[in-house]
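Just below is one structure, and these are the notes that go with it.
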Amino acid sequence: MSDVVLELQNVSRIFGEGDTQVKALDNVSLSIRRGEFVLIVGSSGSGKSTLLNMIGLLDKPTSGKVILDGKETTTLNDGQVSQYRNEKLGFVFQFANLLPDLTVLENVMLPQQIQRSSEDIRQNATDLLVKVGLEDQINKRSNKISGGQAQRAAIARGLVNRPTIVLADEPTGNLDSVTAGKIVKLAKTMAKELNQTFIIVTHDRHQFPDVDRVITIKDGKAFSGEETTMEIAA
Ligand SMILES: Nc1ncnc2c1ncn2[C@@H]1O[C@H](COP(=O)(O)OP(=O)(O)O)[C@@H](O)[C@H]1O
Ligand SMILES: [Mg+2]
73 MSDVVLELQN VSRIFGEGDT QVKALDNVSL SIRRGEFVLI VGSSGSGKST LLNMIGLLDK
133 PTSGKVILDG KETTTLNDGQ VSQYRNEKLG FVFQFANLLP DLTVLENVML PQQIQRSSED
193 IRQNATDLLV KVGLEDQINK RSNKISGGQA QRAAIARGLV NRPTIVLADE PTGNLDSVTA
253 GKIVKLAKTM AKELNQTFII VTHDRHQFPD VDRVITIKDG KAFSGEETTM EIAA
């Protein structure tokens, strides 16, 4: 199996028409390997969310190709896309989005797939909750845990289907910096332990000091590495 799990080839996404046309992504090509921990950074309006929507198969490019785990996805129909998305991707959002009346374990089991047995899912969910340090909270109702614990559960939920890629949009945006730091460390540990690819979008580079790769989006274009910080003239 190829080591490359995701490839974008000349992806552009244009919104609107005529004078009001916005090129949110401009000919983006990139390739990401299994186990990589990748950070996507850029200022507000640069195109980060549009890019994440492309990778997450939540939106299609105006032109170009999105190849996920060896399959070209832009030609798939809506039903095929959602099935492939459920199979290959795990999502972690800024807010944990747990269902408050369900237990932590029930929440983590939610994205389960029909082709797996519920016993397998329960076991996998339980194992992941232990790994993310929530062994004591497994049967608590989700509205009885802290914000940091909820985000740990959300990471476990993102991993439960053993996705090819976990996508996270500002996963620490709602947490204080100490808790955020712990969540970042946890994601990193999970990535290494499970050889799991993570693609994380953030506007806050400093939250993620230690990553395999940084991709900077500027005016819809992707650059490898980060923008050099300009020094303020004294
Ligand atoms: N659905 C949309 N319709 C029109 N313009 C959009 C839409 N989504 C994003 N844009 C525009 O595309 C550009 C990139 O947006 P976005 O990807 O949300 O940036 P970021 O996530 O980096 O803040 C912005 O100029 C934004 O206004
Ligand atoms: Mg955004």
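Per this note's numbering, the sequence shown runs over residues 73 to 306. Each residue gets a CB set at the ideal place from its N, CA and C atoms; glycine is no exception.
Which of helix, strand or coil DSSP assigns to residue i
i	result
Ser115	coil
Arg277	helix
Gly205	coil
Lys212	coil
Asn82	strand
Gly128	coil
Gly292	coil
Glu144	strand
Gly107	coil
Ile287	strand
Ile217	coil
Gly136	strand
Asn196	helix
Ser189	coil
Phe87	strand
Leu177	helix
Gly253	helix
Leu258	helix
Val232	coil
Asn169	coil
Asp150	helix
Asn246	coil
Separation of residue j from residue i, as counted between CA atoms
i	j	result
Gly220	Ala226	10 Å
Phe109	Gly88	33 Å
Leu239	Phe163	5 Å
Gln166	Leu111	15 Å
Gly107	Asp91	42 Å
Ile37	Leu182	Any question about residue 37 goes unanswered here, given that the chain covers just 73 to 306.
Asn125	Ser214	27 Å
Val77	Ile127	11 Å
Lys293	Thr244	25 Å
Glu265	Gln93	44 Å
Asp291	Glu242	19 Å
Ser218	Asn82	42 Å
Gly253	Arg188	34 Å
Asp282	Arg85	30 Å
Ser115	Thr134	23 Å
Leu247	Ala259	15 Å
Thr274	Asp199	28 Å
Phe295	Asp131	22 Å
Arg277	Val113	7 Å
Gln195	Thr146	34 Å
Any non-hydrogen atom of ligand 2 closer than 6 Å to residue i Cβ
i	result
Lys290	no
Ser121	yes
Spatial neighbours of residue i in its chain, beta-carbon cut-off 6 Å, leaving aside the 5 residues before and after
i	result
Ile210	Val176, Leu177 and Leu201
Ala222	Ala168 and Leu170
Asp284	Glu108 and Phe109
Supposed close pair residue i, residue j - CB separation, criterion 8 Å
i	j	result
Ala228	Ala197	7 Å
Val153	Leu129	5 Å
Arg224	Ile255	7 Å
Residue i Cβ short of 6 Å to ligand 1 heavy atom set
i	result
Val138	no
Gly117	yes
Gly107	no
Ala96	yes
Phe87	yes
Residues near residue i by beta carbon distance below 7 Å, same chain, minus five either side
i	result
Glu144	Lys137
Glu79	Ser103 and Ile139
Own chain residues within Cβ distance below 8 Å of residue i, not counting five before or after
i	result
Lys212	Thr175 and Val176
Thr269	Val77, Leu78, Ile104, Arg105, Arg106, Gly107, Glu108, Phe109, Val110, Thr236, Ile237, Val238 and Ala263
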